[in-house]
Amino acid sequence: MNNPKEDYRKTFLELEKAASKFWPTELAEMEAELSIIPLLLKTQEQFIQILSIDVLELEDLFTIVNSSALSGNLFVKHLVIMADFGGEMLKRISREFKNLFPNEEMKYYWKNTQRIYKFQALPTKSLSNQTLKINGKDLFVKHSLDERQKDAIALLLFGSSHNNSNQEISSILARCEIGDYLGKPSELDSFIKQRYIWVSRITGGAKSNALGHLAQKFVAQYIKDEIGITEIEVKSGATLPNVTHTDPTTGRLTSFDIVVKKKQKYIAIEVSFQVTTNSVIERKGGQAKARYEQVEAAGHKIAYVIDGAGNFERQSALQTICLHSHCTVAFSKNELSILCDFLRDYLGSND
């Protein structure tokens with residue numbers, strides 16, 4: 002097994018050399034998604050009103066959307082959320098299109114009648130968050146419906162009723178059932194507001210230190226996706242057994258940004274990404290020596306993910322952290338890959 006103290010700790014200069022300093026693309030995109038949540042909640046009633054209109058044809062719905070105050074791309078974004086149909090699923094539709102729709106048309110049931118929707122942009126033009134103009138800040142620019150967005154609306158509304166003999170392929174569209182509620186205001190209102198509960202929760206968490214929380218969330222998800230070890234737990238805001246640095250008299254356990262656990266092995270991970278300087282990194286630096294000593298004494302490990310130009314203005318604090326850490330990395334996929342190597346070394350691979 003590698004020695005974590007030798008192989009995974011960086012000096013201040015090594016950490017600075019590896020650092021991104023400014024928000025990586027992945028975090029910028031996540032921040033943009035968070036920033037549109039208030040807009041989605043603000044326009045929810047308009048969205049419900051449009052779907053509550055009892056139209057006779059799908060083309061009539063397109064006309065109503067284009068004549069409403071709600072932009073076409075924002076209408077599509079609402080549908081994507083209702084169907085829980087993210088960017089990867091949209092891309093999968095494009096990849097599997099010929100298997101799903103060999104005749105480039107969708108047969109679906111609506112108002113007790115089988116109908117046919119002939120795709121206007123697919124398969125020549127693919128679907129993605131970017132091409133549908135539903136990525137983050139794109140939603141603040143009003144766009145009328147184009148052919149690609151109309152295809153997406155048809156799929157998101159009626160995809161679940163499309164008949165395909167291949168069950169695995171048909172399952173891709175199983176959540177696209179919103180068309181069942183078209184023209185039914187009371188059922189629509191209940192269905193949509195249930196789906197939007199999670200949006201309200203995200204909004205509550207997004208108001209304070211949103212970008213800092215995003216960095217923690219990104220690191221936790223990266224570990225889950227890339228670690229490749231079974232039986233591990235990755236928890237945010239969790240504790241380590243017998244580590245009570247903040248309150249030794251009451252025995253209240255110290256909370257860490259992320260804790261990774263496999264059986265009785267624990268690793269705490271602290272995450273800080275500050276583009277502008279503030280006191281957070283000074284606080285972490287002030288705690289680093291005592292935390293390191295107590296974590297070691299309890300038989301655990303502690304790692305730090307640190308980046309951002311603001312943090313590197315606090316050289317003394319970072320030097321203290323680098324000295325009192327089992328693993329120190331910056332914020333990039335290459336650096337997080339090193340963190341995963343450290344986790345695998347300590348927790349053990351699948352045997």
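Residue 2 is where the sequence shown starts when you use my numbering, and the numbers rise one by one after that.
The beta-carbon is built from N, C-alpha and C at its ideal position, and this holds for glycine as well.
This structure is a prediction, so every number in the text was calculated from the model and none was measured.
Pairwise C-alpha distance: residue j and residue i
i      : j      : result
ALA367 : GLY160 : Nothing in the structure corresponds to residue 367, since the chain is present only between 2 and 352.
SER21  : ILE230 : 28 Å
ASN130 : LYS78  : 9 Å
GLU124 : ASN100 : Sequence inspection shows Pro at residue 124; the Glu mentioned does not correspond to that position. Between PRO124 and ASN100, the C-alpha separation is close to 11 Å.
VAL330 : LEU146 : 45 Å
LYS92  : THR132 : 10 Å
SER273 : LEU337 : 13 Å
ASP258 : GLU89  : 28 Å
GLU58  : LEU340 : 54 Å
ILE307 : LYS194 : 39 Å
ILE203 : SER280 : Reliability of the predicted coordinates at ILE203 is poor, the pLDDT of 38 falling under 50, and no value is obtained from them.
TRP199 : LEU42  : Annotation note: pLDDT 49 at TRP199 (below 50); position unreliable, coordinate value reported separately. Approximately 11 Å, taken between the alpha carbons.
CYS323 : ARG149 : 51 Å
GLU380 : LEU128 : In the structure as shown, the chain starts at 2 and stops at 352, and residue 380 therefore has no counterpart that could be examined.
GLY252 : SER317 : 30 Å
GLY311 : PHE23  : 9 Å
SER237 : LYS263 : 15 Å
VAL260 : THR321 : 21 Å
VAL235 : ARG292 : 20 Å
SER187 : LEU80  : 18 Å
Minimum C-alpha distance to residue i - residue among the options
i      : options                           : result
GLU181 : GLU148, VAL56 and SER95           : It is Asp, not Glu, that sits at residue 181 in the sequence shown. With distances taken between Cα atoms, ASP181 lies closest to VAL56.
LEU38  : LYS263, ASN136, GLY238 and HIS327 : Per the sequence presented here, residue 38 reads as Ile, with Leu not at that position. For the residues LYS263, ASN136, GLY238 and HIS327, the minimum Cα distance to ILE38 belongs to ASN136.
SER256 : SER53, GLN288 and ALA122          : GLN288
TYR109 : ARG292, LEU340, SER172 and HIS163 : HIS163
LEU319 : LYS218, GLU336 and ILE282         : ILE282
GLY87  : GLU314, CYS328, LEU40 and ILE173  : ILE173
GLN295 : LEU254, GLN195 and GLU97          : LEU254
LEU28  : GLY73, LYS134, MET83 and PHE219   : PHE219
PHE76  : LEU52, SER95 and ALA216           : LEU52
CYS328 : PHE343, SER237, THR321 and LYS143 : PHE343
SER191 : ASN312, GLN50, THR321 and CYS323  : GLN50
LEU183 : HIS144, LYS112 and GLU234         : LYS112
ASP139 : GLU314, ILE179, LEU40 and TYR9    : LEU40
HIS144 : GLY73, GLU178, GLU106 and ALA19   : GLY73
ARG284 : ARG315, LYS126 and SER326         : ARG315
ASN335 : GLY309, THR321, PHE313 and GLU227 : GLU227
ALA221 : PHE313, GLU188 and PHE332         : PHE332
GLU106 : ARG292, GLN121 and ILE94          : GLN121
ARG96  : SER68, LYS185, LYS126 and ARG10   : LYS126
Run of the alpha helix (DSSP H) containing residue i, from where it starts to where it stops
i      : result
TYR305 : TYR305 -> not in any alpha helix (DSSP H); beta strand (DSSP E) instead, spanning 302-308.
SER273 : Not the alpha helix (DSSP H): SER273 falls in the beta strand (DSSP E), residues 266-274.
GLU234 : Note, GLU234: premise wrong, no alpha helix (DSSP H); beta strand (DSSP E) at 233-240.
ARG345 : 334-348
CYS323 : 316-324
ILE117 : It is not in any alpha helix (DSSP H) - ILE117 instead sits in the beta strand (DSSP E) that spans 114-119.
VAL77  : 73-83
VAL244 : Neither: VAL244 is in no alpha helix (DSSP H) and is coded neither H nor E.
VAL296 : 281-298
SER95  : 88-96
LYS143 : Neither: LYS143 is in no alpha helix (DSSP H) and is coded neither H nor E.
ALA19  : 13-19
ASN130 : Counting along the chain, ASN130 falls outside any alpha helix (DSSP H), and DSSP gives it neither H nor E.
VAL66  : 59-68
Opposing strand residues paired with residue i [DSSP bridges]
i      : result
ILE49  : Bridge partners of ILE49: none, in fact.
VAL261 : VAL235 and ILE268
SER161 : DSSP, once it has assigned bridges, lists no residue as partnering SER161.
THR44  : Note: THR44 sits in no beta bridge, so no partner.
VAL330 : VAL306
Enclosing beta strand (DSSP E) for residue i [first to last residue]
i      : result
TYR110 : 106-111
Min CB distance residue i to chain C below 8 Å
i      : result
GLN150 : Included in the structure is just one protein chain, with no chain C present.
TODO: Would you check if there are 3 or more beta carbon pairs closer than 8 Å linking the segment 115-131 to the segment 35-51?
DONE: Contact fails: fewer than three Cβ-Cβ distances are below 8 Å.
Could you tell me whether the segment 331-347 touches the segment 295-308, using the rule of 3 or more Cβ pairs below 8 Å?
In short, these stretches touch, since the Cβ pair count reaches three.
Does the segment 255-269 come into contact with the segment 232-243, if we say contact requires no fewer than three beta-carbon pairs (one atom in each stretch) closer than 8 Å? Between the segment 255-269 and the segment 232-243, the count of C-beta pairs closer than 8 Å reaches three or more; the two stretches touch.
Stretch-stretch touch, CB-based, cutoff 8 Å, three pairs: the segment 61-72 with the segment 144-162: The answer is yes - the segment 144-162 touches the segment 61-72, with three or more Cβ pairs under 8 Å.
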